[in-house]
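Enquirer: I have a structure I would like to understand better, so I am pasting it below and will then ask my questions one at a time.
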């Protein structure tokens, strides 16, 4: 599959989460998405003098569902359910929610007990320590989950038919 064929296929099958996608289809579309965002970011910096991010955000919004769909089908091509692709995104959501509670805990108890009569071992500092530890653990979990997803995406197609359809390989 060529670069242009992968882009056409990605948009043509934008809402197709059934079936399978081979490695070239996924990785060429991946290059298109990240290369397009990079080039639009450079264009914004050249035009506006700083990266406002509006063009990149619009581009990413336009390609989000097609990119999710081709990734979903790619995982299915390796014999894994596509919803595994949502795990790193779920960790981002949990991390975002945690960062809000971390910020509240830090403001409630002061950072490191500064200005607090309770000192370093006050209850609010324990909450901050637990939140920071959880936040770091979620970051490590996201890194590990992302690495596993990239590993799976790079694996060869499962030979023959699997639970998600026939092998898309053209022989």
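Residue numbers (our numbering): 182 to 352.
Glycine residues also receive a C-beta, built at the ideal position from the N, C-alpha and C atoms.
If I measure Cβ to Cβ from residue 241 and keep anything under 7 Å in the same chain, skipping five residues before and after, which residues do I get?
Expert: Excluding residues within five positions, the ones whose Cβ falls inside 7 Å are 218.
Enquirer: Taking 9 Å as the cut-off, decide whether the C-beta atoms of residue 272 and residue 323 are in contact.
Expert: Contact: yes.
Enquirer: Just mark residue 190 as buried or exposed, buried being the case when its beta carbon has 16 or more other beta carbons within 10 Å.
Expert: Classification for residue 190: buried.
Enquirer: Use the C-beta contact count for residue 334: other C-beta atoms within 10 angstroms, 16 or more gives buried, fewer gives exposed.
Expert: Per the 10 Å Cβ criterion, buried.
Enquirer: Distance, Cα to Cα, residue 274 vs residue 249?
Expert: Taking the straight line joining both Cα atoms gives about 17 Å.
Enquirer: If you reduce the DSSP assignment to three classes, tell me which class residue 303 lands in.
Expert: Here the model assigns residue 303 a pLDDT of 48, short of 50, so the residue's position is not dependable and the matter cannot be decided.
Enquirer: If we count the other Cβ atoms within 10 Å of its Cβ and call it buried at 16 or more, is residue 201 buried or exposed?
Expert: Residue 201 should be labelled buried.
Enquirer: By how many angstroms is the C-alpha of residue 235 removed from the C-alpha of residue 296?
Expert: A caution first: residue 296 carries a pLDDT of 45, below 50, which makes its placement in the model too unreliable to give a value.
Enquirer: Would you give the residue range spanned by the alpha helix (DSSP H) that residue 241 belongs to?
Expert: Per DSSP, residue 241 belongs to the alpha helix (DSSP H) from 235–258.
Enquirer: Identify whether residue 217 lies in helix, strand or coil by the three-state DSSP scheme.
Expert: Helix.
Enquirer: Taking all protein chains shown into account, decide if residue 187 is buried (16 or more other Cβ within 10 angstroms of its Cβ) or exposed.
Expert: The residue in question, residue 187, is buried, as its Cβ has 16 or more Cβ neighbours within 10 Å.
Enquirer: Applying the criterion that 16 or more other CB atoms from any shown protein chain within 10 Å of the CB defines a buried residue, is residue 332 buried or exposed?
Expert: Exposed: under 16 other Cβ atoms inside 10 Å.
Enquirer: Taking 9 Å as the cut-off, decide whether the C-beta atoms of residue 182 and residue 209 are in contact.
Expert: In this structure, residue 209 lies closer than 9 Å to residue 182 by Cβ.
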